[in-house]
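**Q** Chains as they are written, first to last, in the numbering used here: chain S, 92 to 485; chain F, 274 to 721; chain L, 745 to 1064.
Just so it is clear, CB atoms sit at the ideal spot from N, CA and C, and this is done for glycine as well.
Bear in mind the structure is a predicted one, so any value in this text is a computation, not a measurement.
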Amino acid sequence: MSRDRINKILNRIPTHAIIIFMILVWVVPTFGLLVTSLRPSQAINTSGWWTILSPPRGSAEYTEYCAACHGSGGDALPSANLSDPQLVGQFPRSLQLLAALRRDIDGQPHMGDVPLPEVQAAADIAGYLKQLSGIESQPRFTFSNYIDALVGYRGTTTYQQDCAAGTAPLDIKCDASDLLNPRGMGRAFVNSLIVTIPATILPIMFAAFAGYAFAWLDFKGRFLLFAILVGLQVVPLQMTLVPISRLYAQLGLNGTFLGVWLFHTGFGMPYAIYLMRNFLGSLPRDLFESAYLDGASHWTAFYKLVLPLAMPAIASLGIFQFLWVWNDLLVALVFLGGTTPVMTYQISNMVTSLGAGWHLLTASAFLSMLLPMIVFFGLQRYFVRGMLAGAVKG
Amino acid sequence: MKRPLWQLFTTLVVASVLLAACGGGTPATEAPAQPEAPAVSPTEAPPAAEEPVPDEMCMGANPGDEVSMLYQWSGQEEERLNQILQPLVETCGIVLRPESTRDQALLDTRVQAGTPPDVAFWNVTQLTQYQNNLFAMDELGASADAYIPGAIDPGVINGRWLGLPIKSDIKTIIWYSPVNFEAFSYSVPTTWDELDALVEQMVADGNVPWSMGIESGDATGWTASDFIQDILLVQQGPEYVMGIIDGSIPYDDAGVVQAYQTYGKWATDPAYAVGGAQGTLSTGFLAAIHKPFSDPPEAMMVKQSGFAGGEVQSQYPDLEFGVDYDFFVVPGAQGLQGGSDWMMAFSDKPAVKALVAYLSSPMGGANWAKASFDLSPNKGAAGNYTDPSLIKKAEAFYNTQGFTPDIGDTIPGGFGSAEWKAIVDYLNGADLATALAQAAAVQAEALR
Amino acid sequence: MAGRSVPNIMRQGKLAPWLYLMPALLIMSFFIVYPMINTVSLSFKNRDGTASAATTCVEGNPCWGVFENYRIALTAEFDTRTFSSFWRTFWVSSYGNTIKWIFLMVSGTVGLGLMFAVLADRVKYEALAKAIIFMPMAVSFVGAGIIWKFVYDYGTQQVQIGLLNAIITSLGGQPTAFLTIPQLNTVALIVVGVWIWTGFCMTILSAALKSVPDEILEAARVDGATEWTIFWRIMVPIILPTITVVVTTMVINVLKLFDIVYVMTGGNFGTNVIANRMYTEMYTNFNVGRGTAVAVVLVIAIIPFIYFNIRRFLAQEEMR
Chain S
92 MSRDRINKIL NRIPTHAIII FMILVWVVPT FGLLVTSLRP SQAINTSGWW
142 TILSPPRGSA EYTEYCAACH GSGGDALPSA NLSDPQLVGQ FPRSLQLLAA
192 LRRDIDGQPH MGDVPLPEVQ AAADIAGYLK QLSGIESQPR FTFSNYIDAL
242 VGYRGTTTYQ QDCAAGTAPL DIKCDASDLL NPRGMGRAFV NSLIVTIPAT
292 ILPIMFAAFA GYAFAWLDFK GRFLLFAILV GLQVVPLQMT LVPISRLYAQ
342 LGLNGTFLGV WLFHTGFGMP YAIYLMRNFL GSLPRDLFES AYLDGASHWT
392 AFYKLVLPLA MPAIASLGIF QFLWVWNDLL VALVFLGGTT PVMTYQISNM
442 VTSLGAGWHL LTASAFLSML LPMIVFFGLQ RYFVRGMLAG AVKG
Chain F
274 MKRPLWQLFT TLVVASVLLA ACGGGTPATE APAQPEAPAV SPTEAPPAAE
324 EPVPDEMCMG ANPGDEVSML YQWSGQEEER LNQILQPLVE TCGIVLRPES
374 TRDQALLDTR VQAGTPPDVA FWNVTQLTQY QNNLFAMDEL GASADAYIPG
424 AIDPGVINGR WLGLPIKSDI KTIIWYSPVN FEAFSYSVPT TWDELDALVE
474 QMVADGNVPW SMGIESGDAT GWTASDFIQD ILLVQQGPEY VMGIIDGSIP
524 YDDAGVVQAY QTYGKWATDP AYAVGGAQGT LSTGFLAAIH KPFSDPPEAM
574 MVKQSGFAGG EVQSQYPDLE FGVDYDFFVV PGAQGLQGGS DWMMAFSDKP
624 AVKALVAYLS SPMGGANWAK ASFDLSPNKG AAGNYTDPSL IKKAEAFYNT
674 QGFTPDIGDT IPGGFGSAEW KAIVDYLNGA DLATALAQAA AVQAEALR
Chain L
745 MAGRSVPNIM RQGKLAPWLY LMPALLIMSF FIVYPMINTV SLSFKNRDGT
795 ASAATTCVEG NPCWGVFENY RIALTAEFDT RTFSSFWRTF WVSSYGNTIK
845 WIFLMVSGTV GLGLMFAVLA DRVKYEALAK AIIFMPMAVS FVGAGIIWKF
895 VYDYGTQQVQ IGLLNAIITS LGGQPTAFLT IPQLNTVALI VVGVWIWTGF
945 CMTILSAALK SVPDEILEAA RVDGATEWTI FWRIMVPIIL PTITVVVTTM
995 VINVLKLFDI VYVMTGGNFG TNVIANRMYT EMYTNFNVGR GTAVAVVLVI
1045 AIIPFIYFNI RRFLAQEEMR
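1. Tell me which same chain residues have a C-beta within less than 6 Å of the C-beta of Leu384 of chain S, skipping the five on either side of it?
2. Between the Cα of Phe878 of chain L and the Cα atoms of L:Leu858, L:Phe944, L:Thr913, L:Phe834, which residue gives the shortest distance?
3. Three-state secondary structure (DSSP) at Asp614 of chain F?
4. Taking 9 Å as the CB-CB cut-off, is Gln329 of chain S touching chain F?
5. I want to see whether chain S comes within less than 9 Å of Asn453 of chain F, judged by CB atoms only; does it?
6. Out of S:Leu125, S:Arg245, S:Met460, which one is the CA nearest neighbour of Phe234 of chain S?
7. DSSP on Thr677 of chain F, reduced to helix/strand/coil?
8. Can you tell me which residues form a DSSP beta bridge with Pro371 of chain F?
9. Do you know how far the Cα of Gly656 of chain F is from the Cα of Ser634 of chain F?
10. Consult DSSP for Thr316 of chain F and reduce its assignment to one of helix, strand or coil.
11. Taking 8 Å as the limit between beta carbons, can you name the residues of its chain near Asn790 of chain L, skipping five residues before and five after?
12. What separation, rounded to the nearest whole angstrom, lies between the Cα atoms of Leu316 of chain S and Phe305 of chain S?
13. In chain order, what residues of the same chain have a beta carbon less than 6 Å from the beta carbon of Ser441 of chain F, not counting five sequence neighbours either side?
14. Chain F partners of Thr391 of chain S, CB-CB under 9 Å?
15. Between Gln47 of chain S and chain L, is there a C-beta pair that is closer than 9 Å?
16. Where does Lys868 of chain L land, buried or exposed, given buried means 16+ other C-beta within 10 angstroms?
17. Residues in the same chain with beta-carbon distance under 6 Å from Leu271 of chain S, minus the five sequence neighbours each way, listed in chain order, please.
18. First and last residue of the alpha helix (DSSP H) that includes Val989 of chain L?
19. Between Phe670 of chain F and Arg353 of chain F, is the Cβ-Cβ spacing less than 9 Å?
20. Per DSSP, which residues does Glu350 of chain F bridge with? Please list them.
21. Taking a cut of 9 Å between CB atoms, which residues from the segment 375-400 of chain F lie near chain S?
22. Check whether the segment 682-697 of chain F touches the segment 489-496 of chain F, counting contact only when three or more Cβ pairs, one atom from each stretch, lie closer than 8 Å.
23. Cβ of Ala213 of chain S less than 9 Å from any chain F Cβ?
24. Just to make sure I have the definition right: I need the residues of chain L whose C-beta is within less than 8 Å of the C-beta of Thr445 of chain F. Which are they?
25. Look up Gly557 of chain F in the DSSP assignment and say whether it is helix, strand or coil.
26. Which word fits Gly164 of chain S, buried or exposed, when buried means at least 16 other C-beta atoms lie within 10 angstroms of its C-beta?
27. Between the alpha carbons of Met849 of chain L and Leu858 of chain L, how many angstroms are there, rounded?
28. Can you tell me whether Tyr1051 of chain L is buried or exposed, with buried defined as 16 or more other CB within 10 angstroms of its CB?
29. Just checking my contact of Ile504 of chain F with Ala532 of chain F at CB under 8 Å: how many whole Å lie between their CB atoms?
30. Please state whether DSSP places Gln607 of chain F in a helix, a strand or coil.
31. With 9 Å as the threshold, decide whether the Cβ of Arg825 of chain L is near any Cβ in chain F.
32. Under 8 Å: do the segment 289-309 of chain S and the segment 360-369 of chain S share three or more Cβ pairs, one atom per stretch?
33. Measure the beta-carbon distance from Ala624 of chain F to Asp338 of chain F and round it to whole angstroms, keeping in mind my assumption that it falls under 8 Å.
34. Pull up the DSSP beta-bridge partners for Ile447 of chain F, would you.
35. So if I threshold CB-CB distances at 7 Å, which residues from the segment 552-572 of chain F count as touching chain L?
36. Does DSSP classify Ser441 of chain F as helix, strand or coil?
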């Protein structure tokens, strides 16, 4: 009995080990982005995100070279109080600090018989002194990237700093109404939803019908049509932009939501039909035979039998189409235009043409990822095993 | 399970359609009500309030007229543009409908589909590409005298003046840290030989003279092509560069070879450039700008356009222009290499004419300068800059003996990327003659 | 195509199938077929579509007449003087790279996705595990580009902000420039692609695995088959059509994929792929003729897989 149990556990260990290993490999890069999004922008460029929990730079060097005399808080010597911003302000960089350290005090070398620190160590100590004295207190964690992204902040520092200093641009009111700022995420989120939901539902509907036809109905040319369908999936997006734009200009669909919905539906159709056809084709034939024996018509079989059983496929398709439309920038820009911004458009606009301000992208990537992940979790319940169990007799 | 599902579907679809019908979209981006207190760098004093625009500048535009614009600027840049256009918007009541993207595909698609924006702010190559769709600037009310000599020449395609140069930057400058120079007793060189000697001196002292980084996504190599063109300006002169642009001098000419070799001597040696060839190739151009100003500095100088100042400011907010970071013009360069963004008009409606009139007027130039949105070749901008680094750049800009445009930006059809490919291959160790020959072939075809 | 392949109990008119198909076919012909025809016609013209491609021929170079754009698309990247130079340039050309991508990425994503789908099915925290593997698909390409910048970054100073180089330097090695060293950089980009797309394969394969009837698996286990045998002899054959679909879809995705390459290296340093080349020709070089020719080559490249798919489906219908 216990031997069996031990065996069972041992058998399961490799499974768990592999899964956990893969999860770690997958999650670490994203986790790095999460941590980076919580750091102030200057820190992002100067140290790796994994150092966020280590002691601040320079503290080890400070302890090694200075703490013996100046104390861990810097204020052990009243005549050289290192927590005084006035004093520390005279040595902002390693250059000035090393020059100071080379000068004698009362005829004795400043550092006694301890050798002077290296340039890099001196730079770190200078940085640490600024933190000690309060000249520059860079927080380890900050939500400023998220706030800037939500509000669509376009200045050179951060939203919080500007509001505190009173230098905010005039369309920023420094209160909660900023969340509805036209360049922020609030309105864009709604626009993204308006674009994405119909553009997800429509293709699924049409593809379910067409997939059923390809899988279970007989008509002339079904294989040729299917072959063309597979080939159409490869058509690159850029090839369709100009012809469709021209068409839309004549039909007056440019800049409308309907135009974007139709485009996403059309473009997503080959793949959707392909997937649905495969899934529907793998349903057992006996299922249909039983149904028709009971006198069901095509439509009843489709509606009552096929659709519920196809839920896993519909759920997968739903997720992928949702993601594709949600994260799309080019189609929304070409057919809807930048005056009706979607989230991806606002995000791309946070960065100047030279790439400055890219730290805001770290936070925006997460903001934009929230809803798709919720959708994914929500649709998980359709991936249930054994939907067909017992559906077929014997 | 089916019933609630269908209900959910229907509700979602109906909700989307309702939302789309009632409230989808954002109001056009209008500039803030008053021009005070812009979001600009902290070193700048708040600008004086702009004077209102005279009514006749509206050129017959009615309040509510819309102008659709397409440009590459976003983030802080868009903020500044709004600030500049705000007086015009206030007086004439025109409504701006801007879109911003770096993706060339959007502008291309719009133009080819027959629905171009009214106004686009893009690069000079687009003037040639879309010349059949553009209206001439003098017909729209701009005057060539408003600009410093030579500034509008790249915008004259086949005899028609198709674009207004509005935002300019100079490339032929080298950024350095005066504090570090003083510490090592270096002085700013005034001739090319002095620069050479300075570089050798730095190496002898154990410092790395150059910070070079050319990595930039799909535009990798543009910092190097700028540098090489500056070397050409020193060694050969502006007529030579113009010769390359119009095709009379092939790209594998001896002068170009010499410039590449000068550049390569510095870029591939780890003693001269941080990281040697590998460092040059893999370091991003933004990261390269930080290196002379970090603590301790990784290099002494970086050759980069004027925008580098803003980048240093945002990475090291406690540094001060003039004291901690400054620039000098590449010594010995005969003229400056400059680049401009160009405004082009696809329609001639009154609101567009108002925009053209405003931006080419002295007032428009002055407002541009005050907003610190980089240099403007509009004569009215001179003397109105408030940002110290812009003031110094403007001095070089207005006093230069002439401008040379960027070769890669001016030759149409893919020469830019051929140039960059040649540089990347050369830095990777390929034979210089072969690399240049390939670029010369593209040049010949592009200019056929 | 006789009615033997569908239940002949079902009486259907000639009209019924077309009713089901009509909306889909209509919308597809507008949005895909019409642009595709437009694309093919443009591929025989010159750079702005105003004249035949034959006018772009250059004296002294070979010329394929109206197929001139195709000549450039197919041969411009190769150095054909000797076989070894051709071999060398082939493998850093967009065609060679795309082949590498197809092999490595498709096998990586489908293999890992299948393995993970099978294993995750057995643990209690299945939903969480699958969500984590799926998460990279929810991140847009811009986000993915930044994420991997922080993994691959190459720094020249003492401090590394890229994870891999930090690990390498802490173990005493020299930092490696993952994105600029030829060959290595393609593999590095493929790793990013696998990271993103494994979730996709896993989701579909997981849905398919769930529909394998439990009774069969239980019966096999009772008969003493090992998990390995069950996997290869029972599960895989049952879901083979789905595996075909996933492989075909992944091949198509790889052929169309250009965001990763565009965002991270721009196709430089020998990482170019066909789709990126198409983009460059269209929007950087402003050459519509060549861009559309590359697009047509792309579509032609899928034909072998179409054939494979049809055969698979015929086999599936036999089984019914």
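**A** In short:
1. none
2. L:Phe944
3. strand
4. Yes, Gln329 of chain S counts as interfacial toward chain F.
5. yes
6. S:Leu125
7. strand
8. F:Met342
9. Going by the C-alpha atoms only, they are around 15 Å apart.
10. Here Thr316 of chain F scores only 37 on pLDDT, less than 50, and its place in the model is too uncertain to base an answer on.
11. Ser796, Ala797, Thr799, Thr800, Gly1033
12. 9 Å
13. Gly611, Ser613, Leu648, Pro650
14. Result: empty, since nearest Cβ-Cβ is about 13 Å, beyond 9 Å.
15. Nothing can be reported for residue 47 of chain S: it is not among the residues displayed for chain S, which extend from 92 to 485.
16. exposed
17. Contacts found: Gly277.
18. Per DSSP, Val989 of chain L is one residue of the alpha helix (DSSP H) stretching across 980-1000.
19. no
20. Paired residue(s): none; Glu350 of chain F is not in a bridge.
21. The segment 375-400 of chain F vs chain S, Cβ under 9 Å: Arg375, Asp376, Ala378, Leu379, Asp381, Thr382, Arg383, Gln385, Ala386, Gly387, Thr388.
22. yes
23. Judged by the 9 Å Cβ criterion, Ala213 of chain S is in contact with chain F.
24. What Thr445 of chain F touches in chain L: nothing, since even the nearest Cβ is about 25 Å away.
25. strand
26. exposed
27. 14 Å
28. exposed
29. Ile504 of chain F to Ala532 of chain F, Cβ: 4 Å. Contact.
30. coil
31. no
32. Taking a cut-off of 8 Å for Cβ pairs, the segment 289-309 of chain S and the segment 360-369 of chain S touch, as three or more such pairs fall below it.
33. 4 Å
34. F:Lys576, F:Phe601
35. Flagged, chain order: Gly552, Leu554, Ser555, Thr556, Glu571.
36. strand
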